[in-house]
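*Asks:* One gets our numbering by counting positions in the sequence shown from 1 and adding 4 to each.
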Amino acid sequence: MIGKRMRHIGRYHEIAASLLRHGFGMIVDELGFSSFLSLPPRWRAEQGKKEGKTVGERLRLVLEELGPTFVKLGQIASTRPDLIPAPIISELEKLQDQVPPFPFADVRRRVETELGGSLETLFRSFDETPLAAASLGQVHRAVLPSGQAVAVKVQRPHIAARVETDLEILQDLAVLAERRLDWAATYQLSEIIDELVRSLRQELDYTVEARHAERFARQFTGDSSVYVPRVFWDYTTKTVLTMEYVEGIKLGEIERLKANGHSLKTIAERLAEATFKQMFEHGFFHGDPHPGNVFVLDDGTLSFIDFGLMGRLRPHVKHHLSSLIIALMRQNTDGVLGAIYGLGIVPDGVDEGKLRDDIDELREKYYRVPLGEISLGEAVEDLLSVAFRHGIRIPSDLTLLGKALLTVEGVVETLDPQFRIMDVAEPFGRKLMKERLRPDRVAETAWKRIFDYGEWLLRLPDSVKEWTKMMRHGKLRLEITAPDLETLLKKLDQITNRLSFSIVLLSLSIVLAGLMIASSLGRPSTLLWKIPAVEIGLGASAFLFGWLLYSIFRSGKF
5 MIGKRMRHIG RYHEIAASLL RHGFGMIVDE LGFSSFLSLP PRWRAEQGKK
55 EGKTVGERLR LVLEELGPTF VKLGQIASTR PDLIPAPIIS ELEKLQDQVP
105 PFPFADVRRR VETELGGSLE TLFRSFDETP LAAASLGQVH RAVLPSGQAV
155 AVKVQRPHIA ARVETDLEIL QDLAVLAERR LDWAATYQLS EIIDELVRSL
205 RQELDYTVEA RHAERFARQF TGDSSVYVPR VFWDYTTKTV LTMEYVEGIK
255 LGEIERLKAN GHSLKTIAER LAEATFKQMF EHGFFHGDPH PGNVFVLDDG
305 TLSFIDFGLM GRLRPHVKHH LSSLIIALMR QNTDGVLGAI YGLGIVPDGV
355 DEGKLRDDID ELREKYYRVP LGEISLGEAV EDLLSVAFRH GIRIPSDLTL
405 LGKALLTVEG VVETLDPQFR IMDVAEPFGR KLMKERLRPD RVAETAWKRI
455 FDYGEWLLRL PDSVKEWTKM MRHGKLRLEI TAPDLETLLK KLDQITNRLS
505 FSIVLLSLSI VLAGLMIASS LGRPSTLLWK IPAVEIGLGA SAFLFGWLLY
555 SIFRSGKF
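What follows is the structure, given as structure tokens:
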């Protein structure tokens, strides 16, 4: 790690300088930058120059100043309201990814190197002026030899190496922070950074985006309301992506849509249906459906572009999400609480009383509210806010779902303020719940549980051997906290009662066996001083056995 720090010492200086310049000197000190950086006194003097600005504003300025990697990470982080306070989220959402285009000579060099031929041979024509430029790459319109118009995305020169350097530094800083700062260790900052790093590395590999586009297209096979541009794999590599060029009107261009005779209500309905189909039927959805990423074609068909950021709703997330919907509809606090526990990673020591109070408050917010007036995106955001207050980590795809829902609801409201998105969402929600209760799905879940328990039983002998070995070496440590004491005592009661029941049952069995043997030998009943001792003893045992059973079952600790 020290070698990496020395190799990237210049970049560490830039990061420290930016943090100091925008009033984050405390972070520089707590991370121990001074131990391996020589910071000029004038940098220290620059602390506080941004007085009057909020923490969120200053953080946004730092990210913009540090360049593409930090801007992209800030944009990804803005989708995590379960980890970051709302005021900072609102500032991160302002991060701009618009940068000047890089020279066409670099575009030519990249395309020819990657595709193995001259630009003139590969394409019939290739526009020098880009359609759009961003921090990681830019898009040019071109025409293939076949006459097919295409959009070619080309990655910026040396951007991958620069981003990789920044990602290494960020991972190093996360480890440093966990060692020195309690909050960083509590929130497992390294895991959060690793998750963001994975997302950004995927964006650098254009073949991932191409596969996303094809999977997205398969979801709408046979659906004429949605069109997905085709990928041209012969012209696609990790740093060059070639897709069919789509000509249409962006959703944000309301006046153009009207002028071309499009029905805004129909467009809003198609967008809502396409969104819920992605999320609740297929579990694979566009993570950034803003107005610039959706076009309306001449016949009213919607066309999605830019598949770099996609979300997945895995089966267990869909399962708990349907539980959450059911619990909210039934006004069931315990159900909502159970769904949150199922969806997120709940930290040790969470105040369940306060968590229950917050859920009650959330439930009351939607109590008796007409379904058509509920914002699904806002409901998910409210849930994530509760999770943030209690340090509960929610799957990143669920937070992306909330963000995408809010974006779509905003676009739909702009297109047609009278359109009720829940009218479209309700059938999908009911379908999600029915799918969960399908007999074959219930049977599949039950079988999976049985299989899991079977595997656990098979591993049990090895686990017992390991525990025994640890006990022999004195390495087995038993730690009991106060909240567990009552549960432990109850378990001990249950064990004691079951042992008592077993001993009495064994004794009674021995007596009965003796009587049966005596009877088979034809001997008369044994008398002690003319008293039938065995019979009386048997009766007494039966009475005591019945009384013991009654006491145990009455205590509820059997």
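Glycine is no exception: its CB is placed at the ideal position from the N, C-alpha and C atoms.
Would you please state the rounded distance, in angstroms, between the beta carbons of V154 and Q142? I believe it to be under 8 Å.
*Replies:* As a working note, residue 154 is residue 150 in the sequence shown. As a working note, residue 142 is residue 138 in the sequence shown. Rounded to whole angstroms, the Cβ separation of V154 and Q142 is 15 Å, and the two are not in contact under 8 Å.
*Asks:* Answer yes or no: do D420 and K269 have a C-beta to C-beta separation smaller than 7 Å?
*Replies:* For the purposes of this step, residue 420 is taken as residue 416 along the sequence shown, with counting starting at 1. For the purposes of this step, residue 269 is taken as residue 265 along the sequence shown, with counting starting at 1. Yes. Within cutoff.
*Asks:* DSSP on L531, reduced to helix/strand/coil?
*Replies:* Here residue 531 refers to the residue found at position 527 of the sequence shown. Note on L531: pLDDT 48, under 50, position unreliable in the model; no value is reported.
*Asks:* What do you get for V468, buried or exposed, if any count of 16 or more other CB atoms within 10 angstroms of its CB means buried?
*Replies:* Here residue 468 refers to the residue found at position 464 when the sequence shown is read from its first residue. Residue environment: V468 is assigned as exposed (fewer than 16 neighbouring CB atoms within 10 Å of its CB, all protein chains considered).
*Asks:* Just curious, the alpha helix (DSSP H) that H144 is in, first and last residue?
*Replies:* Here residue 144 is taken as the residue at index 140 of the sequence shown, counted from 1. No alpha helix (DSSP H) contains H144, which is instead part of the beta strand (DSSP E) from G141 to V147.
*Asks:* On the criterion of 16 or more Cβ atoms from any shown chain inside 10 Å, does S122 qualify as buried, or is it exposed?
*Replies:* For the purposes of this step, residue 122 is taken as the residue at position 118 of the sequence shown. Classification for S122: exposed.
*Asks:* I believe S129 touches V156 by the beta-carbon criterion, under 8 Å. Please report the beta-carbon distance rounded to the nearest angstrom.
*Replies:* Locating residue 129 in the sequence shown gives position 125, where the first residue counts as 1. Locating residue 156 in the sequence shown gives position 152, where the first residue counts as 1. Incorrect: roughly 11 Å between the Cβ atoms, too far for contact.
*Asks:* Taking its Cβ as the centre, do 16 or more other Cβ atoms sit within 10 Å of A4, making it buried, or is it exposed?
*Replies:* Limits of the chain in this structure are 5 at one end and 562 at the other, which puts residue 4 out of reach.
*Asks:* Measure the Cβ-Cβ separation of R316 and F288 and say whether it is below 7 Å.
*Replies:* Along the sequence shown, read from residue 1 onward, the residue named residue 316 stands at position 312. Along the sequence shown, read from residue 1 onward, the residue named residue 288 stands at position 284. Yes; because the gap between Cβ atoms is below 7 Å, this pair is in contact.
*Asks:* Express the C-alpha separation of W471 and G296 in angstroms, rounding to a whole number.
*Replies:* Position 292 of the sequence shown, counted from the first residue, corresponds to residue 296. Position 467 of the sequence shown, counted from the first residue, corresponds to residue 471. Straight-line Cα distance between these residues: approximately 59 Å.
*Asks:* Figure out for me which residue from F108, D238 and V232 has the closest Cα to the Cα of R219.
*Replies:* Translated into positions along the sequence shown, residue 219 becomes position 215. Nearest option by C-alpha distance: V232.
*Asks:* Which one of L410, S94 and A181 has the shortest CA to CA distance from V32?
*Replies:* Within the sequence shown, the letter at position 28 stands for residue 32. For the residues L410, S94 and A181, the minimum Cα distance to V32 belongs to A181.
*Asks:* Determine the extent of the alpha helix (DSSP H) in which H294 is found, giving its start and end residues.
*Replies:* For the purposes of this step, residue 294 is identified with residue 290 of the sequence shown, where counting begins at 1. No alpha helix (DSSP H) contains H294, which DSSP labels as neither H nor E.
*Asks:* For the stretch 195 to 258, list the beta strand (DSSP E) runs that are entirely contained and at least 3 residues long, ordered along the chain.
*Replies:* Listed in chain order, the complete beta strand (DSSP E) runs (minimum 3 residues) inside the stretch 195 to 258 are 244 to 248.
*Asks:* Quick one, which of E251, Q223, M247 and A138 has its alpha-carbon nearest F106's?
*Replies:* What you label residue 106 is simply residue 102 of the sequence shown in a count that begins at 1. Among E251, Q223, M247 and A138, the Cα nearest to that of F106 is on A138.
*Asks:* Are there 16 or more other CB atoms within 10 angstroms of the CB of G14, so buried, or fewer, so exposed?
*Replies:* Numbered from 1 along the sequence shown, position 10 holds the residue referred to as residue 14. By the neighbour-count rule (16 or more Cβ atoms within 10 Å), G14 is not buried but exposed.
*Asks:* What does the Cβ neighbour count give for S189, buried or exposed, with the cut at 16 atoms within 10 Å?
*Replies:* As a first step, residue 189 must be located in the sequence shown, where it is residue number 185. According to the sequence provided, residue 189 is Ala. The question's Ser does not apply to it. Exposed, because fewer than 16 other Cβ atoms sit within 10 Å of the Cβ of A189.
*Asks:* Please state whether DSSP places K157 in a helix, a strand or coil.
*Replies:* The residue given as residue 157 occupies position 153 in the sequence shown. Looking at K157 - three-state DSSP - the assignment turns out to be strand.
*Asks:* Going straight from the alpha carbon of E168 to that of P72, what length do you get?
*Replies:* Within the sequence shown, residue 168 is the residue found at index 164, counting from 1. Within the sequence shown, residue 72 is the residue found at index 68, counting from 1. Approximately 11 Å, taken between the alpha carbons.
*Asks:* Can you tell which of A214, A278 and L245 has the C-alpha that lies nearest to the C-alpha of D227?
*Replies:* Against the sequence shown, residue 227 aligns to sequence position 223. Cα-wise, what sits closest to D227 is A278.
*Asks:* Just the C-alpha distance for D209 and I19, rounded to the nearest angstrom, thanks.
*Replies:* Counting from 1 along the sequence shown, the entry for residue 209 is found at position 205. Counting from 1 along the sequence shown, the entry for residue 19 is found at position 15. Approximately 26 Å between the Cα atoms of the pair.
*Asks:* Helix, strand or coil for V300, going by three-state DSSP, please let me know.
*Replies:* Position 296 of the sequence shown, counting from 1, holds the residue named residue 300. Three-state DSSP puts V300 in a strand.
*Asks:* Which of the three DSSP states, helix, strand or coil, is assigned to R128?
*Replies:* Residue numbering aside, residue 128 sits at position 124 when the sequence shown is read from its first letter. Assignment of R128 by DSSP, reduced to helix, strand and coil, places it in the coil class.
*Asks:* Quick one: residues in its chain with C-beta nearer than 7 Å to the C-beta of I197, no 5 flanking neighbours on either side, listed in chain order?
*Replies:* In the sequence shown, counting from the first residue as 1, residue 197 sits at position 193. If you ignore the 5 residues before and after I197, its C-beta comes within less than 7 Å of the C-beta of L174, Q175 and A178, all in its own chain and listed in chain order.
*Asks:* K76: buried (16+ other C-beta within 10 angstroms of its C-beta) or exposed?
*Replies:* Within the sequence shown, numbered from 1, the residue matching residue 76 stands at position 72. By the neighbour-count criterion, in which a residue is buried when 16 or more other Cβ atoms sit within 10 angstroms of its Cβ, K76 is buried.
*Asks:* Quick check on E50: does DSSP put it in helix, strand or coil?
*Replies:* The sequence position of residue 50 within the sequence shown is 46, counting from 1. Interpretation of E50 is limited by its pLDDT of 49, a score under 50 that renders its predicted location unreliable; the figure taken from the coordinates is listed afterwards. It is coil, neither helix nor strand.
*Asks:* Can you list, in chain order, the residues of its chain whose CB lies under 7 Å from that of G312, leaving out five sequence neighbours each side?
*Replies:* Residue numbering aside, residue 312 sits at position 308 when the sequence shown is read from its first letter. Around G312: E207 and E213.
*Asks:* Return the residue from the list G60, V412 and H290 that minimises the CA-CA distance to I88.
*Replies:* Along the sequence shown, read from residue 1 onward, the residue named residue 88 stands at position 84. Measuring from the Cα of I88, the nearest candidate turns out to be G60.
*Asks:* Please list, in chain order, all residues of the same chain as I253 whose beta carbon is under 6 Å from its beta carbon, the five residues on each side excluded.
*Replies:* Position 249 of the sequence shown, counted from the start, is the residue given in the question as residue 253. These residues qualify, in order along the chain: R260, L261 and V300.
*Asks:* Return the CA-CA distance between V412 and H286, expressed in angstroms with no decimal places.
*Replies:* Along the sequence shown, one-based indexing puts residue 412 at 408. Along the sequence shown, one-based indexing puts residue 286 at 282. Rounded to whole angstroms, V412 to H286 spans 18 Å at the Cα level.
*Asks:* When you compare only the Cα positions, how much space is there between A49 and L63?
*Replies:* Taking the first residue of the sequence shown as 1, we reach residue 49 at position 45. Taking the first residue of the sequence shown as 1, we reach residue 63 at position 59. Here the model assigns A49 a pLDDT of 45, short of 50, so the residue's position is not dependable, and the following value carries that caveat. One C-alpha to the other measures close to 19 Å.
*Asks:* Quick one: what's got a C-beta closer than 6 Å to G52's C-beta in the same chain, skipping five residues either side?
*Replies:* Numbered from 1 along the sequence shown, position 48 holds the residue referred to as residue 52. Reliability of the predicted coordinates at G52 is poor, the pLDDT of 47 falling under 50, and the value obtained from them is presented with this limitation in mind. Excluding sequence neighbours, G52 sits near G27.
*Asks:* Let me check you understand the geometry: is the CB of I271 closer than 6 Å to at least one non-hydrogen atom of the ligand NAD?
*Replies:* Because no ligand of any kind appears in the structure shown, any question about the ligand NAD cannot be addressed here.
*Asks:* Among all the DSSP beta bridges, which residues are the ones paired with S327?
*Replies:* To locate residue 327, count along the sequence shown from 1; it is residue 323. In DSSP, S327 forms no bridge with anything.
*Asks:* Given a threshold of 16 other Cβ atoms within 10 Å of its Cβ, counted over all protein chains shown, does T403 qualify as buried or as exposed?
*Replies:* Locating residue 403 in the sequence shown gives position 399, counting from the first residue. With 16 or more Cβ atoms within 10 Å of its Cβ, T403 is classed as buried.
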